[in-house]
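Below is one structure, written out as structure tokens; the observations come after it.
Number of protein chains: 4
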Amino acid sequence: MVIAVAGWQKLFRITPHAIRQIRSISTRDIPNKALPTIARCQNTAAESSTQVFDVDHESDQQFSLQWTGATPKTVLLVKKANDKKVDNALTSISQWLHNEYPQINIVLEPLVFRQFHKDLPFVCTIPPGAHSEYSRVVDFVVTLGGDGTFLHVSSLFQKKAPPIIPFSMGTLGFLLPFNVRDFQEQLRRVIEGSAKLLPRMRLMYSKYKADGSLDESGLLNITNEACIHRGTYPHLTTISCYLNEHLLTTSVGDGIIVGTPTGSTAYSLSAGGPIVHPLVSSMIVAPVCPRSLSFRPLMLPSSSIVKLQVHKQSRGRATAYIDGRDCGELLQGECIEIKKSPYPLMCVNRDDMAAGWALDINQLLKFNRTFSYPHETLFGDHGSNSDE
Amino acid sequence: MVIAVAGWQKLFRITPHAIRQIRSISTRDIPNKALPTIARCQNTAAESSTQVFDVDHESDQQFSLQWTGATPKTVLLVKKANDKKVDNALTSISQWLHNEYPQINIVLEPLVFRQFHKDLPFVCTIPPGAHSEYSRVVDFVVTLGGDGTFLHVSSLFQKKAPPIIPFSMGTLGFLLPFNVRDFQEQLRRVIEGSAKLLPRMRLMYSKYKADGSLDESGLLNITNEACIHRGTYPHLTTISCYLNEHLLTTSVGDGIIVGTPTGSTAYSLSAGGPIVHPLVSSMIVAPVCPRSLSFRPLMLPSSSIVKLQVHKQSRGRATAYIDGRDCGELLQGECIEIKKSPYPLMCVNRDDMAAGWALDINQLLKFNRTFSYPHETLFGDHGSNSDE
Amino acid sequence: MVIAVAGWQKLFRITPHAIRQIRSISTRDIPNKALPTIARCQNTAAESSTQVFDVDHESDQQFSLQWTGATPKTVLLVKKANDKKVDNALTSISQWLHNEYPQINIVLEPLVFRQFHKDLPFVCTIPPGAHSEYSRVVDFVVTLGGDGTFLHVSSLFQKKAPPIIPFSMGTLGFLLPFNVRDFQEQLRRVIEGSAKLLPRMRLMYSKYKADGSLDESGLLNITNEACIHRGTYPHLTTISCYLNEHLLTTSVGDGIIVGTPTGSTAYSLSAGGPIVHPLVSSMIVAPVCPRSLSFRPLMLPSSSIVKLQVHKQSRGRATAYIDGRDCGELLQGECIEIKKSPYPLMCVNRDDMAAGWALDINQLLKFNRTFSYPHETLFGDHGSNSDE
Amino acid sequence: MVIAVAGWQKLFRITPHAIRQIRSISTRDIPNKALPTIARCQNTAAESSTQVFDVDHESDQQFSLQWTGATPKTVLLVKKANDKKVDNALTSISQWLHNEYPQINIVLEPLVFRQFHKDLPFVCTIPPGAHSEYSRVVDFVVTLGGDGTFLHVSSLFQKKAPPIIPFSMGTLGFLLPFNVRDFQEQLRRVIEGSAKLLPRMRLMYSKYKADGSLDESGLLNITNEACIHRGTYPHLTTISCYLNEHLLTTSVGDGIIVGTPTGSTAYSLSAGGPIVHPLVSSMIVAPVCPRSLSFRPLMLPSSSIVKLQVHKQSRGRATAYIDGRDCGELLQGECIEIKKSPYPLMCVNRDDMAAGWALDINQLLKFNRTFSYPHETLFGDHGSNSDE
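Protein chains in written order, with my numbering: chain A, 1 to 388; chain B, 389 to 776; chain C, 777 to 1164; chain D, 1165 to 1552.
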């Protein structure tokens, strides 16, 4: 698809002067992406893959990334907005990539492209109208920012997603294993096919009207969690939760969360859910402030189909949220259905996943900080002085 | 192997009079068991199996049981002790089996055999010295009693275990899907190869001395959980928990539990762990009364190797428990290692697993009992009378 | 104060025909209320009181109600809206009171008065403009409905509140100890001075602007809890919590609750707070879905002054709620202050408070429902059959 | 009472050489203690007290210590065993006291006396047989060590206890507000009557046999908690909990804790109980690993009488623990009763209690450590780059 400059101009209100500086680009000129081979680590026989990575938790292992035949031709750089450090990082990475791997196309999102194309004349973009081009051309994605940036990339690839290499600006994180200062080493490993990949299961959300018909607008991938919450509605909302069409429970309270292992350290954790390693193939069901003493978080098989329905007699309505984003109000009788997405996110990861995860839950979550307070027992502390 | 009556006499102190009444039996006369085909439900291609069922949680489905070529030749009946209702059930089942399937050998444990062989002259036993015969000859197991009886069967088959069909005396349960009054229907389904099997992951326990050497005595299968607990030791015990050789955390408190999904509704639940569906391939790590505000239960991949070590500087020692059974004291520096057993238990199950599980957590655990108490909000309840 | 009929007409849009049927009433004609003596139970020396009951938790006991010199002259009947059973109960109670105690004035709220004055020509009302008359004339209050009705009465008496006798329509409850079918017995006990009173602590709420000045609008009594919650605001809100001007903690999450013992079985319980007996003189501070593993509910002395401030750097705003009612948005830097109200609610209660409370937490909250599931240990269940 | 040196010799096996060095001492020579005036802080009228301080939680305030007429004449120094730093501190404090306040008798416990009397010839002791002398002569107590040392002092004074000034060796703590390096300043404040006192409620424990008769041996003060626990008994124990003779609940599990506010940061916290400010007049009832999803901690009025009974049909027995110390096994039907002790501990405290407590729960318990992990929402983090 050739970018119609006129369309560009209209959409982005770019001045004629700016347009002249836009590198003439056609995403049709960008070749289809290189198909990588995703090999299960520590297995000798690499399995070829058509990149619909089905996360095989039988292995409970990471995958290794290799490029079959071709090398990667196109990278998408996604960044957090309004952050000077991030902008500098994007510039450094782009220039380094351009020098080291001149054959690789560097794609930015349109607004980011507008911000950088003067200083980085070699970058290109995919215009808003050609959204599907992302899936066709992008070999791997670099994210610069926080978890929100990562979640944004997840939303860009509702179906097959290329491997993602997430950089933080300094703070490591569950979703951000790499510090941007190490970008050269990490990018080389990806491009040259020696990186480890952690598959992160996603869920799929669909919305049904009270008459049972599908609300087409509501088909979305979930990275952390779907949640039905009463929001500011003063009445507690009554929600029925179904497992494979069987009523599991009916809950009155603030809401219910259905989350991925990745989401187990997000909102679900605040609601009292367990910490789930990303390789556990499972869905979490956790209540938010239930009017019950006995609602304990549930771990369901990842093959489950979970339905959350605002009860027909519920006094309150509810709002659906995906990864913290408002997805519209649910009236009495309406429901959402959540099941495993066939499209996990393949995240470039540290080589030693167990060590990394242990570090993360300790450093990020401040897991199991034992009291300093020495509640010594009488005998333990005082012992031999006692003479009664 | 021919039973040496002399040996019997010595071990069980059976009087000569009693011995004369023992049916002459040789387990060598019992043929090798029939190899069943365990087919994944809803898959067309049945996979043959050598009965080292590797629980394939990719499918998250039940299995179906079929007997390849041969029909089952030997059943082991295991019962709870000192319960009249259970004794009557054993008699009824044995007589029915003997009438309906006279070709099937009915094996009882030695003490049970002593109790019943007069009234049921067709039953046989495997003497204490020939323990390994259980694995060679038993095609399937019937349990009569409670969870303890089920756990006992698990301990009889430390390696490959035949399918188990557990009957309760009336109360259904997670481990006891069938009421004994339905025994005819359920046994027919098993013998004729139309039953559904739920694989229950087991864990494997080994004990290491402080110098790192393996304590051979301590190799055991775990059905519910392994636990290190301070017992009555007055000092809190310091336990380090390692994941794949990386230190995960060091906990001071009463103890730490490492459990299976099956065990998630046992001691782990009391300690605050989540409710885990048996098809989630995972291990639970849950603390018992930790001296920390921030020890949240962890869900690890079933491929994990978890090590619990009594810290070298721990003031208190600890005791290891498997499925509630005391497995000996652990001194400072000693540790236990827990990993997935290659030998799951294949449990005959209700056809509709999701419905059954939903029923169980509601009826057995009294899950999510919403308050009766109507905490109505001001506006909701009172509403239009308000005139301020 | 003489009711200006013209004003009545205008405010309630009563037709001239309706007005003729209004009983001519002047609340100025209603005498000041009878001052009761509130005696601490089981103490011989009754202490006189000017009805600013200071809840003396030293005693941890109920109080007994006696009328000094005079008998009660005026009762306020408050009812839930739109409930036929409640309407019938109001009619029965009014007629019974009118027959048995014709000297007692029966006051209804204006809208209720409009509904009933034709059928119950002896009832009277206090018009909206004369709100302060409630405190001057009402000797005791009868509520008919649910907790919401009770909370409404609490809001009618921001300062001194007369004793309240709450009736449920059948379901007993923490706030609703009496079934309406027993109204004759219970009303007699109150009127004749032999009832037991349970003092329920209230809290007081005030709102401060970011510059520290008091927002006069926001001075309110709290019966259950004050809560700052992010509502539907997508960002987690950062709230600082101060105890007597000292920073206690800064919490990121959905919100923070400050509750009374009475409120411990309301929203605080859903958020994970303890169950607090109403005679424990304390405030609960409980987080709602905190982004922390280590926020445990706090019990503070009732003399505490707690301040919740939306942090100046909080990305999200918040909303203040009192007893579930929206009290307006709080911007960054704004705060609310909560302290003990000098005006508890004196609630007529069952004679044996401990028995009643034990019953309530069991029946209403389904407290401590032990599993049906028999997780018997190996030795316990199986025992003597084991022959290994 | 004159110490019979012969008795000394026998009891402590002191060699003749050692005896010659023992300072001739008669506790009869030590005068009765000075009666302090305990004034409620911020009240103008100081109330005299006969040192049975009844903790008046109405005020929710600290008390101030003043000596009426006389100045303190005797101090008891109690120390942790086997700690060189503690021994040095004891020497320094004793020498300083002897120099600065030569009129004050310095009493050590017998074994400590043996350790120090050569180096500190001015110290004296109260021999084991004269235990009741502690109450008669000790004006205030200094503790050097940890919480265990503090608990030991509590056990020395089963009835009236003199003010205690607890010093830590560096780590501050809930029970240890003062660092020993500040001992001069703190001791001066106590001796000269300008210290603040925090009353810490104690509970009282009595044990009853299955026939209802009192087991005299079991009358004890509780500083942190009483606990019934199954210990290593493999079966879960069934315990009935009564409130003022009314059955509150029957629990199956590891055990039940009844604790003081002081104990709320000890074992009760590990079991999931709330953090209770020491001035909240209340008892905590918290379960240890209950076989129930719905056992939430309870806060009862301090006037409650709580009874824990091993259920007559309980399969398991139990052990009673007070402040972590084994108090003997309880058979089926036996019970313990817990109620408020009339003898609180008056603890010298920091002047600003609220600030100190806030510091303690943050520093000691690591209360509410917010995640570092930035779970930003899509809109929050990414925002303006999004162009879908």
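Quick reminder that beta carbons are idealized off the backbone N, C-alpha and C, glycines included.
Within chain C, the residues that residue i reaches when beta carbons sit closer than 9 Å
{"i": "residue 754 of chain B", "result": "1142, 1145, 1146, 1147, 1148"}
{"i": "residue 1416 of chain D", "result": "1146, 1147"}
C-alpha distance - residue i paired with residue j, whole-angstrom precision
{"i": "residue 1186 of chain D", "j": "residue 1282 of chain D", "result": "In this prediction, residue 1186 of chain D has a pLDDT of 41, which is less than 50 and means its spatial position is unreliable; what the coordinates show is noted afterwards. Looking at the two C-alpha atoms, the distance is approximately 8 Å."}
{"i": "residue 1129 of chain C", "j": "residue 975 of chain C", "result": "12 Å"}
{"i": "residue 1520 of chain D", "j": "residue 599 of chain B", "result": "46 Å"}
{"i": "residue 800 of chain C", "j": "residue 892 of chain C", "result": "Per-residue confidence for residue 800 of chain C stands at a pLDDT of 39, beneath the threshold of 50, marking its modelled position as unreliable; the derived number appears in the next sentence. Near 15 Å, if we compare the C-alpha coordinates of residue 892 of chain C and residue 800 of chain C."}
{"i": "residue 179 of chain A", "j": "residue 172 of chain A", "result": "7 Å"}
{"i": "residue 1081 of chain C", "j": "residue 1465 of chain D", "result": "21 Å"}
{"i": "residue 1208 of chain D", "j": "residue 1230 of chain D", "result": "Because residue 1208 of chain D sits at a pLDDT of 32, beneath the cut-off of 50, its placement in the model cannot be relied upon, and the following sentence gives the value as read from the coordinates. The alpha-carbon atoms of residue 1208 of chain D and residue 1230 of chain D are separated by roughly 14 Å."}
{"i": "residue 1240 of chain D", "j": "residue 1310 of chain D", "result": "16 Å"}
{"i": "residue 183 of chain A", "j": "residue 152 of chain A", "result": "20 Å"}
{"i": "residue 828 of chain C", "j": "residue 1119 of chain C", "result": "With a pLDDT of 33 at residue 828 of chain C, under the threshold of 50, the modelled position of that residue is not reliable, and no figure is offered here."}
{"i": "residue 1306 of chain D", "j": "residue 297 of chain A", "result": "48 Å"}
{"i": "residue 1302 of chain D", "j": "residue 1286 of chain D", "result": "16 Å"}
{"i": "residue 1489 of chain D", "j": "residue 319 of chain A", "result": "53 Å"}
Contact set between residue i and chain B, taken where Cβ atoms lie within less than 7 Å
{"i": "residue 244 of chain A", "result": "742"}
Where the alpha helix (DSSP H) containing residue i begins and where it ends
{"i": "residue 655 of chain B", "result": "655-658"}
{"i": "residue 707 of chain B", "result": "Taken as a continuous stretch (DSSP letters only), residue 707 of chain B belongs to no alpha helix (DSSP H), being part of the beta strand (DSSP E) at 706-710."}
Sheet register partners of residue i (DSSP bridge)
{"i": "residue 588 of chain B", "result": "B/733"}
{"i": "residue 727 of chain B", "result": "B/592"}
{"i": "residue 1319 of chain D", "result": "Paired residue(s): none; residue 1319 of chain D is not in a bridge."}
{"i": "residue 460 of chain B", "result": "Residue 460 of chain B is not bridged to any residue."}
{"i": "residue 925 of chain C", "result": "Answer by DSSP bridge pairing: none, since residue 925 of chain C is not bridged."}
{"i": "residue 532 of chain B", "result": "B/467, B/555"}
{"i": "residue 1497 of chain D", "result": "Answer by DSSP bridge pairing: none, since residue 1497 of chain D is not bridged."}
{"i": "residue 173 of chain A", "result": "A/176"}
9 Å Cβ cut-off: residues of chain B touching residue i
{"i": "residue 1070 of chain C", "result": "680, 681, 682"}
Contacts that residue i makes with chain A (C-beta to C-beta distance below 7 Å)
{"i": "residue 1095 of chain C", "result": "232"}
{"i": "residue 746 of chain B", "result": "243, 246, 247, 248"}
Enclosing beta strand (DSSP E) for residue i [first to last residue]
{"i": "residue 748 of chain B", "result": "It is not in any beta strand (DSSP E) - residue 748 of chain B instead sits in the alpha helix (DSSP H) that spans 741-751."}
{"i": "residue 1489 of chain D", "result": "1489-1494"}
{"i": "residue 1149 of chain D", "result": "Outside the displayed range of chain D (1165 to 1552) lies residue 1149 of chain D, so it cannot be described from this structure."}
Neighbouring residues, chain C, relative to residue i (Cβ below 8 Å)
{"i": "residue 326 of chain A", "result": "1008, 1010"}
{"i": "residue 271 of chain A", "result": "1065"}
Residue i Cβ short of 7 Å to the ligand MG heavy atom set
{"i": "residue 34 of chain A", "result": "Summarising the ligand content, the structure contains no ligands, and the ligand MG is consequently not present."}
8 Å Cβ cut-off: residues of chain B touching residue i
{"i": "residue 1391 of chain D", "result": "Within chain B, no residue comes near residue 1391 of chain D; the closest Cβ sits about 10 Å away, beyond 8 Å."}
Beta-carbon neighbours of residue i, restricted to chain D and to distances below 7 Å
{"i": "residue 1052 of chain C", "result": "1463"}
{"i": "residue 469 of chain B", "result": "Within 7 Å Cβ-Cβ: nothing; residue 469 of chain B doesn't reach chain D, min ~14 Å."}
Under 8 Å by beta carbon: chain D residues contacting residue i
{"i": "residue 930 of chain C", "result": "Per Cβ cutoff of 8 Å: no residues; residue 930 of chain C is ~22 Å from chain D at best."}
3 or more residues per run - each beta strand (DSSP E) lying fully within the segment 1339-1419 of chain D: 1360-1364, 1367-1372, 1378-1386, 1389-1393, 1401-1407
In chain order, what are the residue ranges of uninterrupted alpha helix (DSSP H) at least 4 long that sit wholly in the segment 76-140 of chain A? 84-100, 110-116, 133-137
If you scan the segment 1030-1090 of chain C from start to end, which runs of the beta strand (DSSP E) of 3 or more residues do you find wholly inside it? 1058-1066, 1074-1077, 1082-1086
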